[in-house]
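Asks: At the far end of the sequence shown sits residue 149, using my numbering, and the numbering has no gaps.
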Amino acid sequence: MLETLLATSSDIVPLVLRLTLGIVIFPHGAQKLLGWFGGYGFKGTYGYFTQTAGLPGIIAFLVIIGESFGSVALILGLLTRVSAIGIAIIMLGAALLVHKEHGFFMNWYGAQKGEGYEFQVLAIGLAIALAIVGGGAYSLDLAILSSL
């Protein structure tokens with residue numbers, strides 16, 4: 002089971018995919034968990050998700066933790082498939098619950114009331130690719146697998 006979960010090659014492409022997705026998602030997770038980059042931190046984000054957005058507490062918690070630790074895990078290549086699937090689910094939820102009403106395109110010129118879902122589509126695509134191929138070169142998954 003563990004070998005299947007960690008299975009990957011030493012290819013460089015998964016490294017590029019996971020660094021890209023991890024680096025892009027990390028600031029969003031840090032906003033939610035730590036209040037960095039202009040975010041509200043855990044308490045503020047949890048309150049917004051549960052009170053304003055109406056999410057169940059466990060979902061709010063999993064989104065905050067998933068973006069925060071999932072992005073770091075992707076950067077490190079640790080449990081890449083699990084982290085990627087978690088990020089994909091979070092991005093799907095964000096696209097459907099928040100961004101769908103604003104259309105496809107991001108709000109580059111301030112003409113919309115919010116951002117479209119194109120960012121989430123890209124993140125989901127990267128995450129699905131990582132869920133298929135694993136962490137690749139320089140991943141902790143590969144290092145752990147080699148030591149088993």
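Ideal Cβ positions, reconstructed from N, Cα and C, are used throughout, including at glycine.
1) Start and end of the alpha helix (DSSP H) containing histidine 29?
2) Can you tell me which of Leu143, Leu56, Ile65 puts its alpha carbon nearest to the alpha carbon of glycine 40?
3) Would you be able to state if there are at least three C-beta pairs under 8 Å between the segment 94–106 and the segment 130–147?
4) In the DSSP assignment, find the unbroken alpha helix (DSSP H) run with methionine 92 in it and report its ends.
5) Pop quiz: serine 84 and alanine 31 are said to be a contact at Cβ under 8 Å. What is the actual Cβ separation, rounded to whole angstroms?
6) Could you check the C-alpha separation between threonine 5 and glycine 23 for me, to the nearest Å?
7) Could you tell me the distance, in whole angstroms, from the CA atom of leucine 34 to the CA atom of isoleucine 91?
8) Within the same chain, show all residues whose beta-carbon is closer than 8 Å to that of glycine 58, passing over the 5 residues directly before and after it, in chain order.
9) Alpha carbon to alpha carbon, what distance is there between leucine 149 and aspartate 12?
10) Let me know the secondary structure DSSP gives glycine 42 once reduced to three states.
11) Only counting the same chain, and skipping five residues up and downstream in sequence, which positions put a Cβ closer than 7 Å to that of glutamate 116?
12) Going straight from the alpha carbon of isoleucine 125 to that of threonine 81, what length do you get?
13) Check whether the Cβ of isoleucine 76 sits closer than 8 Å to any heavy atom of the ligand ADP, and report yes or no.
Replies: According to the structure data:
1) In the sequence shown, the residue the question calls residue 29 occupies position 28. Run containing histidine 29: 14–35, per the alpha helix (DSSP H) assignment.
2) As a working note, residue 40 is residue 39 in the sequence shown. For the residues Leu143, Leu56, Ile65, the minimum Cα distance to glycine 40 belongs to Ile65.
3) no
4) As a position in the sequence shown, residue 92 is number 91, starting the count at 1. Start and end: 81–95.
5) On the sequence shown, residue 84 is found 83 positions in, with the first residue counted as 1. On the sequence shown, residue 31 is found 30 positions in, with the first residue counted as 1. Not quite, the Cβ-Cβ distance comes to about 16 Å (not below 8 Å), so this is no contact.
6) Within the sequence shown, residue 5 is the residue found at index 4, counting from 1. Within the sequence shown, residue 23 is the residue found at index 22, counting from 1. Approximately 22 Å, taken between the alpha carbons.
7) Here residue 34 is taken as the residue at index 33 of the sequence shown, counted from 1. Here residue 91 is taken as the residue at index 90 of the sequence shown, counted from 1. Near 15 Å, if we compare the C-alpha coordinates of isoleucine 91 and leucine 34.
8) Taking the first residue of the sequence shown as position 1, residue 58 is located at position 57. Excluding sequence neighbours, glycine 58 sits near Tyr47, Thr51.
9) Working through the sequence shown from its first residue, we reach residue 12 at position 11. Working through the sequence shown from its first residue, we reach residue 149 at position 148. Their backbone Cα atoms lie some 20 Å apart in a straight line.
10) What you label residue 42 is simply residue 41 of the sequence shown in a count that begins at 1. Note: glycine 42 maps to helix in three-state DSSP.
11) Here residue 116 refers to the residue found at position 115 of the sequence shown. Answer for glutamate 116: His100, His103, Met107, Asn108, listed in chain order.
12) On the sequence shown, position 124 is the one that residue 125 refers to. On the sequence shown, position 80 is the one that residue 81 refers to. Approximately 14 Å between the Cα atoms of the pair.
13) Summarising the ligand content, the structure contains no ligands, and the ligand ADP is consequently not present.
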